[in-house]
Amino acid sequence: MGKVVRFAVSVEKELFDKFESIIKKGSFANRSQGISNLIKEYLVQNEWLSGRQVAGAITIVYEHTKRELVKKLLSTQHKYHHNIISTQHIHLDHSNCLEVVVVKGNPANIEKLFLELKSTKHIKHIALAVTTTGSKIP
Ligand code: NI
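All the letters of the sequence shown, read from the start, carry residue numbers 85 to 222 under the numbering used here.
Now the structure itself:
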């Protein structure tokens, strides 16, 4: 952790009370950690919007018995191989698979990859978790 600064903020009481109730539930160790996390969340979101390098993970659940679906998922991933750091395939049961695709790169490209994967017919669920590469977040 770098140098710590103290600052005072003014917010509406209702907003403060709601935030305090979340802190008390144990979501954060204390108010400072809660505010720090919110600021980091905002910085990560800003990285996505400003076109810098970002990282993330795409999770996909599908049935491997659907051959056309598997073919399409693979060809899409090869198309965006520059943005894919790694993939992990987990056999959830006899027919269901979970694939985790770890991505890095320009947010517009990551978004395109995600939307192309999402457009694959018969996927059961797909989600994109976006994060930072860490280089711009203290
Ligand atoms: Ni599988």
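By construction, the Cβ of each residue, glycine as well, lies at the ideal position given by its N, Cα and C atoms.
{"Item": "Sheet register partners of residue 182 (DSSP bridge)", "Value": "145 and 174"}
{"Item": "Option in 138, 129 and 93 with minimal Cα separation from residue 116", "Value": "93"}
{"Item": "Own chain partners of residue 143 with C-beta closer than 6 angstroms, once the 5 adjacent residues on each side are dropped", "Value": "184 and 211"}
{"Item": "Residue range of the unbroken alpha helix (DSSP H) whose run includes residue 210", "Value": "Here residue 210 belongs to no alpha helix (DSSP H); instead the beta strand (DSSP E) covers 209–216."}
{"Item": "Option nearest residue 164 by Cα separation, candidates 91, 222 and 193", "Value": "193"}
{"Item": "Closer than 6 angstroms: residues whose CB approaches a heavy atom of the ligand NI", "Value": "148, 173, 175 and 181"}
{"Item": "Any 3 or more C-beta pairs closer than 8 angstroms across the segment 115–131 and the segment 194–213", "Value": "no"}
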